[in-house]
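Single-structure report; data block below.
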Amino acid sequence: MKLMYLTFQEEAPLYLGVVRKIGWQAEAFRKLGFDVTYTLWSGRSFRFITKGGAEAKTISGGHGMMRKFSEAARLYLNSHPFDVLYLRLDRISFDVLRLCRAARANGAKTVVIELPNYPYLRDYIGSADGVRPLSRRLAVRLRILGTVAEDRLSALGLRRLVDAAVLIGNRADRFFGVKAINISNGVDVDAMSAVPPKNNPRELVLIGVAGTLWWQGYDRVLAGMHRYQKEKPAAGPNIRFILVGGDRKEMPEFLSLVRRYGLEDSVECPGFQSGKALDASYARADLGVSTLGCYRRGLRSCSSLKAREYCARGLPFLYAYEDALPPDAPFALKLPNDPSPVDMDAVVRFAENCRRHPEISERERAFAREHYDWKNIMKRVLDFAQAAAV
């Protein structure tokens with residue numbers, strides 16, 4: 304059976320985690336017995352990727368790139384039959400409906416949409432707030448409102464074309480009349496090397512791995528470090544923070560905050576990393592820092608890719624949202640989902656407990672293997688979609 308995993312995701316360092324997730328999902332579909340094609344774009348090239356290679360469609364430049372990519376995908380669906388169409392979407396549009404119709408017309412028996420940041424509109428509407436000058440912000444806001452209107456109107460047509468909606472974020476049973484299944488993100492545990500135990504009483508190292516910074520809330524980490532440095536007991540460890548990644552548009556503000564708090568000697572920003580370089584940064588860390596800014600997007604729940612990666616590596620972590628974790632998980636410290644500085648005294652106590660009990664990391668990796676395996680997650684999704692279509 305053939306499956307098309309259709310995404311409009313840019314393949315760029317800023318989105319390394321998302322691109323890796325898409326690859327893991329595609330591999331999970333293969334393990335379930337499907338002949339998989341998935342898509343990514345870079346520059347003006349929209350690529351259809353299979354196990355044996357990739358076919359690239361080059362579009363013309365200028366405005367409307369996403370619409371041109373969508374048209375390239377529609378033409379591909381017209382000429383290549385698939386049993387299953389799985390779409391990863393930021394928003395709904397009339398182009399999405401056209402893609403679903405093309406797949407159905409060419410024999411697709413199952414159509415599924417994934418919304419990886421649900422609900423998504425508040426975040427999208429708020430994206431205009433930082434645009435300068437005011438005249439440009441107003442123009443951007445008008446364009447966004449037009450896109451929002453298209454999202455709401457086109458979504459009314461999903462029920463006739465889509466079997467199931469996959470929601471990652473806040474829970475819901477339906478999406479515009481389409482039956483919905485709520486999942487968490489997964490990971491490939493076997494692709495992750497375990498972090499070694501640390502036991503330096505004079506130093507505690509935190510690591511955050513992210514592209515876009517605004518909703519990660521890492522400014523809360525800096526504020527907590529600043530407060531901790533002023534009140535640190537003589538025997539307390541020095542706290543360091545390693546930021547791997549960081550959108551170049553946001554880094555000036557982040558670095559300005561580092562200087563304002565006097566943390567230049569305690570914060571490292573090596574940029575985007577992968578492979579052995581990323582493994583080396585992880586090997587230095589005591590704790591990972593997952594998303595701490597869900598409140599900025601109006602989200603209570605989240606399924607952070609970072610948290611899954613930390614879990615797969617056996618790296619205890621901090622988080623600030625509702626997640627599919629047992630409330631007594633010894634490898635995760637839940638923080639308030641608000642703008643308050645991170646309580647570093649609580650973080651130190653948490654880290655010291657994890658150091659005293661190294662078996663916690665082994666339990667963490669076992670938890671990831673049991674709960675975050677993409678093959679199991681995607682099987683549940685496809686079973687749900689097929690049952691919903693009956």
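My numbering numbers the first residue of the sequence shown as 304 and each following residue consecutively.
The C-beta atom is built at its ideal place from N, Cα and C for all residues, glycine as well.
Top-ranked residue by Cα proximity to residue i, from the options
i	options	result
Leu-470	Cys-605, Thr-413 and Arg-462	Cys-605
Tyr-423	Arg-603, Gly-364, Leu-319 and Ala-513	Arg-603
Arg-599	Gly-460, Arg-323, Asp-522 and Ile-395	Asp-522
Leu-516	Ala-408, Asn-488, Leu-546 and Ala-526	Leu-546
Phe-670	Asp-631, Pro-642, Ala-654 and Lys-682	Asp-631
Val-645	Gly-520, Leu-558 and Glu-625	Gly-520
Lys-609	Met-368, Ser-593, Asp-568 and Cys-597	Ser-593
Lys-360	Lys-682, Ser-345 and Ala-627	Ser-345
Lys-305	Asp-393, Arg-394 and Ala-406	Ala-406
Asp-426	Asp-393, Tyr-318, Gly-367 and Gln-689	Asp-393
Ala-627	Leu-445, Gly-472 and Ala-411	Gly-472
Ser-559	Val-322, Ala-526 and Ala-690	Ala-526
Met-681	Glu-314, Ala-649, Ser-643 and Phe-332	Phe-332
Leu-621	Ala-654, Gly-601 and Phe-372	Ala-654
Gly-367	Val-387, Thr-450 and Gly-336	Thr-450
Beta-carbon proximity list for residue i, same chain, < 7 Å, skipping 5 on both sides
i	result
Pro-540	Pro-504, Arg-505, Glu-506, Leu-507 and Val-651
Gly-364	Arg-347
Ile-663	Pro-619, Pro-633, Phe-634 and Cys-657
Val-434	Arg-440 and Val-443
Ala-692	Thr-413 and Asp-466
Phe-351	Thr-340, Thr-342, Ala-357, Glu-358 and Tyr-379
Leu-459	Phe-479
Gln-576	Val-547 and Ser-584
Phe-397	Glu-453 and Ser-457
Glu-665	Gly-617
Met-369	Phe-311
Environment of residue i [buried if 16+ CB atoms lie within 10 Å]
i	result
Asn-640	buried
Pro-419	buried
Pro-499	exposed
Leu-437	exposed
Glu-534	exposed
Asp-454	buried
Lys-579	exposed
Ala-329	buried
Asp-476	exposed
Glu-667	buried
Asp-686	exposed
Arg-543	buried
Ser-607	buried
Asn-488	buried
Ala-688	buried
Ser-643	exposed
Ala-376	buried
Ser-373	buried
6 Å Cβ shell around residue i - same chain, five flanking residues per side excluded
i	result
Arg-462	Gly-480 and Val-481
Trp-327	Asp-491 and Trp-677
Ala-623	Leu-595, Leu-638 and Asn-640
Ser-569	Arg-543
Glu-625	Arg-603 and Ser-604
Chain-order list of residues whose beta-carbon lies under 8 Å from that of residue i (same chain, five-residue window excluded)
i	result
Ile-325	Tyr-308, Thr-310, Gln-312, Tyr-341, Leu-343 and Arg-391
Val-465	Cys-403, Val-414, Val-415, Ile-416 and Val-481
Gly-565	His-529 and Gln-532
Val-684	Val-415, Ala-467, Val-469, Ile-484 and Ile-486
Lys-334	Lys-678
Glu-571	Arg-543, Phe-544, Ile-545 and Leu-546
Glu-567	Val-561
Asp-432	Arg-440
Met-647	Gly-527, Met-528, Arg-530, Tyr-531 and Ile-542
Notebook entry, point to check: If you scan the segment 577-651 from start to end, which runs of the alpha helix (DSSP H) of 4 or more residues do you find wholly inside it?
Noted result: Counting only runs of 4 or more, we get 578-587 and 608-616.
Exercise. Is there contact between the segment 486-505 and the segment 669-679, where contact requires at least three CB pairs shorter than 8 Å?
Worked result: Yes, the segment 486-505 touches the segment 669-679.
| request: Can you check the segment 329-371 for any beta strand (DSSP E) of at least 3 residues that lies completely inside it and give the ranges in chain order? | output: Listed in chain order, the beta strand (DSSP E) elements of length 3 or more contained wholly in the segment 329-371 are 338-345, 348-353 and 356-361.
Tell me, please, whether the segment 355-363 touches the segment 546-565 by the rule of three or more beta-carbon pairs shorter than 8 Å. These segments do not touch.
Which runs of the beta strand (DSSP E) spanning at least 3 residues fall entirely within the segment 499-571, listed in chain order? With a minimum length of 3 residues, the continuous beta strand (DSSP E) runs that stay inside the segment 499-571 are 506-513 and 541-548.
Review point. Is the segment 606-616 close to the segment 588-598, with three or more CB pairs under 8 Å?
Key: Segments in contact, yes.
* To do: Check whether the segment 375-383 touches the segment 439-453, taking contact to mean three or more Cβ pairs, one atom from each stretch, closer than 8 Å.
  => No: fewer than three Cβ pairs fall under 8 Å.
_So within the segment 405-451, which uninterrupted beta strand (DSSP E) runs reach at least 3 residues, ignoring any that extend past its ends?_
At a cut-off of 3 residues, the continuous stretches assigned as beta strand (DSSP E) that sit fully inside the segment 405-451 are 413-421.
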